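**Q**
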Ligand code: SF4
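Residue numbers (my numbering): 2 to 435.
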């Protein structure tokens, strides 16, 4: 089990501390148990929110966890990383009564933490094994959800991942104060206990795909996005520049435990905010976010923006990096220019931003390398094209879900995709083996 480094543990304490038991019951009793609950409709995995909350109120925490897991096998990590303000809690009827919405995310975490603390196991949906073998490529949330659903139904599943640890962005890419790596791995252990064969440190190339196509009934592609975009400006390849996902993975695996000096993060999405907040917590003297557009058009959620300001992150709007200046191996300045609403440079507005570390967080390239036309899987601008009802690709042997399909949405969306594909594969496998 991956252990949290003491410095990381100290500096990345929970953003939303867990409920104490009494407070959880009080909060659960506020829920109106709405009929046709809008919170459930707003959840991409359609967790029966009033059902699991009611079970917390009655003290049945195992039943509550089962209600969550029935819809979302990654209910523990989703309880910590979901943007609940724009999903379930955003839809809560309490808003209409000028009351605080029910704290669904924290209640879900309360039930799932109790379930894990008691050594809970994932329930099986079939008592016997079924004919059918599926390979899931990538061990991120979409693949894990697909693998768990199939294994719960008795199918044979193998998960392949290039990393040494499973979980994809849940383990390597989510800010530690939201989801520590050990919490992600604990959840995945339960999926492995269903009998899923987990194979890490495994690269999938064209030869391997051919082998998998021969050996397995179906393949699920949950491979995420490709490489992070680099800074395409003079000096943008300086070794002192570390992309945001690599930076987050480095501190989550304790390869980085402190940051000195001035940090400039380029970009204003949720990953940029996570990286900037992490740099603050790791001791950076000053952390700035440089973004070419305005606060109104940033892709980060508003609550993430507010959080970053509280952490001490400084924002430079309508500023475009144009050059990296360095003295040998040491970064010195990120040269920027102000731009107008049309992103045109404003004459005479150049300025130098002193920096010791630059972290680009400007999105990931679409997936290109793994799939080529020979596989018969259609791509559109680097994203896998699927049938929305089943998750099946143009090649009926392949299903897909998660970021490689949607371009990078929430963990809960990836879980919903993985489950959808698993259910479609189940129907096909059952029909083929009657
Ligand atoms: Fe409870 Fe709010 Fe969901 Fe209604 S909408 S069931 S009050 S959490």
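Yeah, the Cβ is synthetic: ideal placement off N, Cα and C, and Gly gets one too. Predicted model, so just to flag it, every value in this text is computed and none were measured.
#1: Which residues in the same chain have their Cβ closer than 7 Å to the Cβ of residue 33, if we skip the five residues on either side of it in sequence?
#2: Whole angstroms are fine: how far does the CA of residue 151 sit from the CA of residue 427?
#3: When you compare only the Cα positions, how much space is there between residue 154 and residue 420?
#4: Report whether the distance from the Cβ of residue 283 to the nearest heavy atom of ligand 1 is below 8 Å.
#5: What's the call for residue 238, buried or exposed, on a 16-neighbour Cβ count within 10 Å?
#6: Grab me the residues of residue 305's own chain with a C-beta within less than 7 Å of its C-beta, minus the 5 sequence neighbours each way, in chain order.
#7: Quick one: Cα of residue 107 to Cα of residue 17, how far?
#8: Go through its chain and collect everything with a Cβ distance to residue 136's Cβ below 6 Å, but skip five positions before and after it.
#9: Touch check for the segment 409-420 and the segment 62-78: three-plus C-beta pairs under 8 Å?
#10: Cβ atoms of residue 291 and residue 267: under 9 Å apart, would you say?
#11: With C-beta atoms as the reference, is residue 149 less than 9 Å away from residue 123?
#12: Mind pulling the alpha helix (DSSP H) runs of 4 or more residues that sit fully within the segment 227-312?
#13: So what does DSSP say about residue 218, is it helix, strand or coil?
#14: Taking 9 Å as the threshold (C-beta atoms), are residue 361 and residue 242 in contact?
#15: Mapping DSSP to helix, strand and coil, what is residue 63?
#16: In this structure, how does DSSP classify residue 361 when only helix, strand and coil are distinguished?
#17: What are the start and end residues of the alpha helix (DSSP H) that includes residue 79?
#18: Residues bridged to residue 137 by DSSP?
#19: Given a cut-off of 9 Å, decide if residue 192 and residue 172 are closer than it, judged by their beta-carbon atoms.
#20: To test your reading of the DSSP string, which unbroken beta strand (DSSP E) runs of 3 or more residues are found completely within the segment 310-344?
#21: State buried or exposed for residue 2, treating a residue as buried only when at least 16 other CB atoms are found within 10 Å of its CB.
#22: Are residue 406 and residue 385 closer than 9 Å when you measure CB to CB?
#23: How would you call residue 320, buried or exposed, if buried means at least 16 neighbouring beta carbons within 10 angstroms?
#24: Going by beta-carbon coordinates alone, are residue 408 and residue 395 separated by less than 9 Å?
#25: What does the alpha-carbon distance come out to for the pair residue 130 and residue 398?
#26: Is residue 235 buried or exposed, if buried means 16 or more other CB atoms sit within 10 Å of its CB?
#27: Here's a check: name, in chain order, each residue in its chain whose Cβ is nearer than 6 Å to the Cβ of residue 134, leaving out the five neighbours to either side.
#28: Please determine whether the Cβ atom of residue 105 lies at a distance below 8 Å from any heavy atom of ligand 1.
#29: State the Cα-Cα distance for the pair residue 205 and residue 280, rounded to the nearest angstrom.
**A** According to the data block:
#1: As a working mapping, residue 33 is identified with position 32 in the chain shown. Cβ neighbours of residue 33 beyond the five flanking positions: 94.
#2: If you number the chain shown from 1, residue 427 lands on position 426. If you number the chain shown from 1, residue 151 lands on position 150. If you take the alpha carbons of residue 427 and residue 151, they lie about 7 Å apart.
#3: Mapped onto the chain shown, residue 154 falls at position 153. Mapped onto the chain shown, residue 420 falls at position 419. Roughly 12 Å between the two C-alpha positions.
#4: Here residue 283 refers to the residue found at position 282 when the chain shown is read from its first residue. Taking 8 Å as the cut-off, the C-beta of residue 283 does not count as close to any heavy atom of ligand 1.
#5: Within the chain shown, numbered from 1, the residue matching residue 238 stands at position 237. It is exposed - the Cβ of residue 238 has fewer than 16 other Cβ atoms within 10 Å.
#6: Locating residue 305 in the chain shown gives position 304, where the first residue counts as 1. Hits under 7 Å: 271, 274.
#7: Within the chain shown, residue 107 is the residue found at index 106, counting from 1. Within the chain shown, residue 17 is the residue found at index 16, counting from 1. Spanning the two alpha carbons is a distance of roughly 8 Å.
#8: The residue you call residue 136 lines up with position 135 of the chain shown. The residues are 159, 213, 217, 220.
#9: yes
#10: Position 266 of the chain shown, counted from the first residue, corresponds to residue 267. Position 290 of the chain shown, counted from the first residue, corresponds to residue 291. A contact, by the Cβ cut-off of 9 Å.
#11: The residue labelled residue 149 in the question sits at position 148 within the chain shown. The residue labelled residue 123 in the question sits at position 122 within the chain shown. Yes; because the gap between Cβ atoms is below 9 Å, this pair is in contact.
#12: The segment 227-312 contains these whole alpha helix (DSSP H) runs: 245-253, 271-282, 303-312.
#13: For the purposes of this step, residue 218 is identified with residue 217 of the chain shown, where counting begins at 1. Three-state result, residue 218: coil.
#14: Here residue 242 refers to the residue found at position 241 when the chain shown is read from its first residue. Here residue 361 refers to the residue found at position 360 when the chain shown is read from its first residue. Going by C-beta atoms, residue 242 is nearer than 9 Å to residue 361.
#15: If you number the chain shown from 1, residue 63 lands on position 62. Note: residue 63 maps to helix in three-state DSSP.
#16: Residue numbering aside, residue 361 sits at position 360 when the chain shown is read from its first letter. Correct three-state label for residue 361: strand.
#17: Position 78 of the chain shown holds residue 79. Its alpha helix (DSSP H) spans residues 76-82.
#18: Position 136 of the chain shown holds residue 137. Beta-bridge pairing links residue 137 to 160, 221.
#19: Here the question's residue 172 lines up with position 171 in the chain shown. Here the question's residue 192 lines up with position 191 in the chain shown. No, these two residues do not count as a Cβ contact at 9 Å.
#20: 315-317, 320-328, 331-339
#21: Stepping through the chain shown from its first residue, residue 2 is reached at position 1. Low local confidence applies: a pLDDT of 47 at residue 2 is under 50, so the model's placement there is unreliable, and no value is given.
#22: Taking the chain shown and counting its residues from 1, one reaches residue 406 at position 405. Taking the chain shown and counting its residues from 1, one reaches residue 385 at position 384. Yes, the Cβ-Cβ distance between residue 406 and residue 385 is below 9 Å.
#23: Numbered from its first residue, the chain shown carries residue 320 at position 319. Buried.
#24: By 1-based counting over the chain shown, the position of residue 408 is 407. By 1-based counting over the chain shown, the position of residue 395 is 394. Result no, Cβ atoms of residue 408 and residue 395 do not sit closer than 9 Å.
#25: As a working mapping, residue 130 is identified with position 129 in the chain shown. As a working mapping, residue 398 is identified with position 397 in the chain shown. Approximately 21 Å, taken between the alpha carbons.
#26: Indexing the chain shown from 1 puts residue 235 at position 234. Residue 235 should be labelled exposed.
#27: Locating residue 134 in the chain shown gives position 133, counting from the first residue. 157, 217, 218.
#28: As a working note, residue 105 is residue 104 in the chain shown. Yes, Cβ of residue 105 sits closer than 8 Å to a heavy atom of ligand 1.
#29: As a first step, residue 205 is located in the chain shown; it is residue number 204 there, counting from the start. As a first step, residue 280 is located in the chain shown; it is residue number 279 there, counting from the start. Their Cα atoms are separated by approximately 33 Å.
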